[in-house]
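Enquirer: Those letters in the sequence shown? Residues 42 to 646, by my numbering.
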Amino acid sequence: MTDQEKRRQISIRGIVGVENVAELKKGFNRHLHFTLVKDRNVATPRDYFFALAHTVRDHLVGRWIRTQQYYYEKCPKRVYYLSLEFYMGRTLQNTMINLGLQNACDEAIYQLGLDMEELEEIEEDAGLGNGGLGRLAACFLDSMATLGLAAYGYGIRYEYGIFNQKIRDGWQVEEADDWLRHGNPWEKARPEFMLPVHFYGKVEHTNTGTKWVDTQVVLALPYDTPVPGYMNNTVNTMRLWSARAPNDFNLRDFNVGDYIQAVLDRNLAENISRVLYPNDNFFEGKELRLKQEYFVVAATLQDVIRRFKASKFGSTDSAKTAFDAFPDQVAIQLNDTHPALAIPELMRIFVDIEKLPWSKAWEITKKTFAYTNHTVLPEALERWPVELVEKLLPRHLQIIYEINQKHLDRIAALFPKDVDRLRRMSLIEEEGGKRINMAHLCIVGSHAVNGVAKIHSDIVKTQVFKDFSELEPDKFQNKTNGITPRRWLLLCNPGLAELIAEKIGEDYVKDLSQLTKLRGFLGDDVFLREIANAKQENKLKFSQFLEKEYKVKINPSSMFDVHVKRIHEYKRQLLNCLHVVTMYNRESARGRSAPWRREPCRPSP
């Protein structure tokens with residue numbers, strides 16, 4: 042028996058059963074004929090991909106429904122992860138792996154006379170993120186599903202994601218990422234849960250409370266995507282909102298014959314979910330970006346409260362709803378400052394709509410939110426002009442002012458006569474025009490703040506937000522970022538994944554600490570040689586890819602240093618190239634007889 046055959050026997054990608062393969066083939070043909078209305082005479086490779094995707098999705102749906110039923114019956118605390126970006130990538134192979142269907146699907150597609158790799162390459166990449174922040178959100182969803190947590194991801198269903206990158210004559214050329222042009226087999230529209238989101242208008246104070254009136258309404262249409270855990274039958278939900286204009290939107294323009302203006306106004310409303318902003322664009326002061334940020338939090342919080350009221354703690358009658366239990370049932374994680382407006386929005390709902398006293402509403406709000414900081418550069422922290430917020434969200438500006446006043450009163454009581462501290466810790470910055478510091482809003486309105494690496498978290502506490510850390514040291518934490526081994530090892534590097542499973546079993550797929558067991562094989566020359574062979578095979582595949590896509594021929598035995606990201610100054614590609622040249626010169630100067638050393642790269646203290 043060859044090594045490859047041995048590995049297949051203990052594959053961590055699911056056991057191939059005859060009944061599984063037959064069932065998958067039957068499902069494939071059913072979807073090809075009845076979902077896509079095609080047969081083998083006219084079907085295209087894309088049709089075959091969609092038939093396979095729908096077949097795999099069939100295996101998700103039952104688990105998806107049962108998971109949600111379990112959550113409603115058991116009423117666990119739910120985690121809501123709010124992010125303007127979810128860099129999910131392709132779904133097909135990841136889903137097959139998490140459901141244990143990879144080998145069975147491979148065999149079924151082979152028996153159907155098709156090429157699995159070709160079908161996988163057809164899938165559009167759901168690039169609804171710019172990089173690390175969006176990919177972190179995607180990895181968290183995978184991890185929480187694998188852990189069996191009742192978790193939901195909430196974001197925006199951008200029509201155009203991060204641009205497609207082309208390199209022409211050494212220059213980056215950006216092309217539109219129309220990832221939805223062929224449809225998306227994984228999502229399910231939920232028009233029954235469409236919600237109104239308000240903009241502009243004015244604030245009225247009445248005997249019964251404060252009202253936000255004369256607003257412009259945009260509808261938020263949710264699209265749900267299943268997020269399967271690894272081999273545990275849990276399937277959570279990522280809900281992305283798409284902007285829609287109301288049916289009566291600017292009917293006045295239609296009535297007076299200005300059809301063109303009415304259509305343009307509809308497009309303006311729906312532009313909210315049209316395109317993902319590159320995170321290195323200077324979007325401060327851009328009204329559309331602020332609309333996006335409020336759009337996602339307003340729709341999400343309505344949905345969260347609807348779900349809470351449907352639980353045993355809630356009621357359609359606000360007076361009968363036990364909002365005291367809200368933080369025990371709801372945890373909202375803010376992925377950077379982009380969803381920061383969720384804090385004043387939840388306060389608006391509690392105070393203006395649910396009629397809670399301010400102090401009670403603020404106590405619940407703080408216990409509900411937690412904030413992840415992603416940047417240590419003060420100049421990169423998000424700030425919005427007060428005049429823009431006042432125009433777009435007048436009631437929220439009033440609430441932010443009230444939060445800030447109570448916050449500063451507390452600081453003044455604790456640090457009397459320290460006027461500069463008040464300036465540094467205020468939510469409103471005065472220099473260069475009044476602006477709202479969204480990071481300060483997140484810190485004040487959350488019960489926990491975390492950085493994403495130890496050195497990062499230390500800088501956050503000792504430099505960037507030193508005053509806040511001194512005020513509430515227990516609030517600041519570190520949560521070192523990780524990645525999901527399902528996508529980044531099983532999917533990306535199957536050869537290495539199988540080798541590891543041979544030696545230490547499959548538990549490492551859900552518990553990466555198990556990898557420490559590999560230290561026991563440091564003296565196993567055969568194992569080390571197999572790892573080297575797996576690496577060389579990957580380098581050969583990569584060399585072939587470069588030659589095919591970019592007409593660049595590279596020796597597969599070369600040392601590779603790869604940046605898979607867009608070209609931009611802060612990505613430091615030029616600095617990386619200089620480092621590569623430095624290492625090459627250093628090793629060349631040592632002569633061929635001297636062994637090459639691995640050079641660890643670490644930040645300077």
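Backbone N, C-alpha and C define an ideal beta-carbon position, used for all residues, glycine too.
Quick one: complete alpha helix (DSSP H) runs, 4+ long, within the region 391–437?
Expert: DSSP runs (the alpha helix (DSSP H)) wholly in the region 391–437: 399–409, 427–433.
Enquirer: Between the Cα of Lys432 and those of Pro398, Lys327, Ala411, spot the shortest distance and give me the residue it belongs to.
Expert: Here the question's residue 432 lines up with position 391 in the sequence shown. For Lys432, the nearest C-alpha among the options comes from Lys327.
Enquirer: Taking contact to mean 3 or more Cβ pairs, one atom from each stretch, closer than 8 Å, check whether the region 433–443 and the region 378–387 are in contact.
Expert: As far as the Cβ criterion goes, the region 433–443 touches the region 378–387, which means the pair count is three or higher.
Enquirer: Roughly how many whole angstroms lie between the Cα atoms of Asn288 and Thr266?
Expert: As a working mapping, residue 288 is identified with position 247 in the sequence shown. As a working mapping, residue 266 is identified with position 225 in the sequence shown. Their backbone Cα atoms lie some 26 Å apart in a straight line.
Enquirer: Whose C-beta lies closer than 7 Å to the C-beta of Asn273 among residues of the same chain, with five residues either side of it excluded?
Expert: Within the sequence shown, residue 273 is the residue found at index 232, counting from 1. Result list for Asn273: Thr187, Gly189, in chain order.
Enquirer: Can you tell me whether Met279 is helix, strand or coil according to DSSP?
Expert: For the purposes of this step, residue 279 is taken as residue 238 along the sequence shown, with counting starting at 1. Three-state DSSP puts Met279 in a strand.
Enquirer: Helix, strand or coil, according to DSSP, for Lys243 in the structure here?
Expert: What you label residue 243 is simply residue 202 of the sequence shown in a count that begins at 1. Three-state DSSP puts Lys243 in a strand.
Enquirer: So Ile106 is in the alpha helix (DSSP H); what residue range does that whole segment cover?
Expert: Taking the sequence shown and counting its residues from 1, one reaches residue 106 at position 65. Looking at the DSSP string, the run of the alpha helix (DSSP H) that includes Ile106 is 86–115.
Enquirer: Determine the closest residue to Leu65 out of Asn144, Arg87, Ala179, Pro597, with distance taken between C-alpha atoms.
Expert: Here residue 65 refers to the residue found at position 24 when the sequence shown is read from its first residue. It is Asn144.
Enquirer: By alpha-carbon positions, which one of Tyr335, Tyr128, Arg231 ends up nearest to Leu429?
Expert: Taking the sequence shown and counting its residues from 1, one reaches residue 429 at position 388. The shortest Cα separation from Leu429 among Tyr335, Tyr128, Arg231 belongs to Tyr335.
Enquirer: Given Leu553, which residues of its chain have a CB within under 7 Å of its CB, disregarding the five upstream and five downstream residues?
Expert: For the purposes of this step, residue 553 is taken as the residue at position 512 of the sequence shown. So the list reads Pro526, once near-sequence residues are dropped.
Enquirer: Distance check for Lys495 and Thr341, CA to CA, integer angstroms please.
Expert: Translated into the one-based positions of the sequence shown, residue 341 becomes position 300. Translated into the one-based positions of the sequence shown, residue 495 becomes position 454. Thr341 and Lys495: Cα-Cα distance of roughly 31 Å.
Enquirer: Measure from the alpha carbon of Gly194 to the alpha carbon of each residue in Tyr151, Gly173, Asn139, Glu126, then state which is nearest.
Expert: For this step, residue 194 is matched to residue 153 along the sequence shown. Taking only the C-alpha atoms, the option nearest Gly194 is Glu126.
Enquirer: Tell me which residue opens and which closes the alpha helix (DSSP H) that Ala145 is part of.
Expert: Along the sequence shown, read from residue 1 onward, the residue named residue 145 stands at position 104. Counting along the chain, the alpha helix (DSSP H) containing Ala145 begins and ends at 143–152.
Enquirer: Check whether the region 146–159 touches the region 540–553, taking contact to mean three or more Cβ pairs, one atom from each stretch, closer than 8 Å.
Expert: Taking 8 Å as the limit for Cβ pairs, the verdict is that the region 540–553 does not touch the region 146–159.
Enquirer: Cα separation between Gln134 and Phe601?
Expert: Translated into the one-based positions of the sequence shown, residue 134 becomes position 93. Translated into the one-based positions of the sequence shown, residue 601 becomes position 560. For Gln134 and Phe601, the distance between alpha carbons rounds to 26 Å.
Enquirer: Hey, how far is the Cα of Leu531 from the Cα of Tyr111?
Expert: Locating residue 531 in the sequence shown gives position 490, counting from the first residue. Locating residue 111 in the sequence shown gives position 70, counting from the first residue. In a straight line, the C-alpha of Leu531 is about 29 Å away from that of Tyr111.
Enquirer: Quick one: measure Cβ to Cβ for Val493 and Thr413, integer angstroms, because I've assumed they're closer than 8 Å.
Expert: The count along the sequence shown starts at 1 and reaches residue 493 at position 452. The count along the sequence shown starts at 1 and reaches residue 413 at position 372. Between Thr413 and Val493 the Cβ distance is about 7 Å, and since that is below 8 Å, they are a contact.
Enquirer: In terms of alpha-carbon separation, which member of Ala360, Glu610, Ile484, His246 lies closest to Leu375?
Expert: One-based indexing of the sequence shown puts residue 375 at position 334. Answer by Cα proximity: Ile484.
Enquirer: Which same chain residues end up closer than 6 Å to Ala480 when comparing Cβ atoms and leaving out the 5 residues on each side of it in sequence?
Expert: Walking along the sequence shown from the start, residue 480 turns up at place 439. Closer than 6 Å at the Cβ level, and outside the excluded window around Ala480, lie Thr378, Leu422.
Enquirer: Is Arg436 closer than 8 Å to Val244 when the C-beta atoms are compared?
Expert: Within the sequence shown, residue 244 is the residue found at index 203, counting from 1. Within the sequence shown, residue 436 is the residue found at index 395, counting from 1. Contact: yes.
Enquirer: Can you list the alpha helix (DSSP H) stretches of 4 or more residues lying completely in the region 445–506, in chain order?
Expert: The qualifying runs are 460–466, 479–485, 495–500.
Enquirer: Could you give the residue range of the alpha helix (DSSP H) that holds Pro368?
Expert: One-based indexing of the sequence shown puts residue 368 at position 327. Here the alpha helix (DSSP H) through Pro368 covers 367–370.
Enquirer: From which residue to which residue does the beta strand (DSSP E) around Pro535 run?
Expert: As a first step, residue 535 must be located in the sequence shown, where it is residue number 494. First-last for Pro535: 535–545, but that is the alpha helix (DSSP H), not the beta strand (DSSP E).
Enquirer: Nearest CA to the CA of Met261: which residue from Val490, Glu311, Ile452, Tyr549?
Expert: If you number the sequence shown from 1, residue 261 lands on position 220. The question names Met, but residue 261 in the sequence shown is Ala. Ranking Val490, Glu311, Ile452, Tyr549 by Cα distance to Ala261 puts Glu311 first.
Enquirer: Is there contact between the region 505–524 and the region 154–165, where contact requires at least three CB pairs shorter than 8 Å?
Expert: No contact exists between the region 505–524 and the region 154–165.
Enquirer: Less than 8 Å between the beta carbons of Gly196 and Val337, yes or no?
Expert: Here residue 196 refers to the residue found at position 155 of the sequence shown. Here residue 337 refers to the residue found at position 296 of the sequence shown. Their beta carbons are under 8 Å apart, which means Gly196 touches Val337 by this criterion.
Enquirer: Apply the 10 Å Cβ neighbour rule to Leu647 and answer buried if 16 or more other Cβ atoms are within range, or exposed otherwise.
Expert: Residue numbering for the chain in the displayed model covers 42 to 646; residue 647 lies beyond these limits and cannot be assessed.
Enquirer: Quick check: the Cα distance between Glu395 and Lys582, rounded to an integer number of angstroms?
Expert: Counted from its first residue, the sequence shown places residue 395 at position 354. Counted from its first residue, the sequence shown places residue 582 at position 541. The straight-line gap from Cα to Cα measures roughly 59 Å.
Enquirer: Are Asn171 and Ile208 close, meaning C-beta to C-beta below 8 Å?
Expert: Indexing the sequence shown from 1 puts residue 171 at position 130. Indexing the sequence shown from 1 puts residue 208 at position 167. No; because the gap between Cβ atoms is not below 8 Å, this pair is not in contact.
Enquirer: If we ignore side chains and look at the alpha-carbon of each, how far apart do Gln577 and Ser598 end up?
Expert: In the sequence shown, residue 577 corresponds to position 536, counting from 1. In the sequence shown, residue 598 corresponds to position 557, counting from 1. Going by the C-alpha atoms only, they are around 7 Å apart.
Enquirer: Quick one: give me the first and last residue of the beta strand (DSSP E) that Gln257 is part of.
Expert: Along the sequence shown, read from residue 1 onward, the residue named residue 257 stands at position 216. Unbroken beta strand (DSSP E) run through Gln257: 257–269.
Enquirer: Could you pull the start and end residues of the beta strand (DSSP E) that Val550 belongs to?
Expert: Along the sequence shown, one-based indexing puts residue 550 at 509. Per DSSP, Val550 belongs to no beta strand (DSSP E) and is neither H nor E.
Enquirer: Using CA coordinates, which residue listed in Glu233, Ala191, Phe364 is at the minimum distance from Tyr264?
Expert: Reading the sequence shown from its first residue, position 223 is the one you call residue 264. Closest option to Tyr264, Cα to Cα, is Glu233.
Enquirer: I'd like to confirm the pairing. Which residues does DSSP put opposite Glu158 in its beta bridges?
Expert: Taking the first residue of the sequence shown as 1, we reach residue 158 at position 117. The partner list for Glu158 (beta bridge, DSSP) is empty, contrary to what the question assumes.
Enquirer: State the DSSP-derived secondary structure class of Thr521, mapped to helix, strand or coil.
Expert: Indexing the sequence shown from 1 puts residue 521 at position 480. In the structure shown, Thr521 sits in coil (DSSP, three-state: anything other than H, G, I, E or B).
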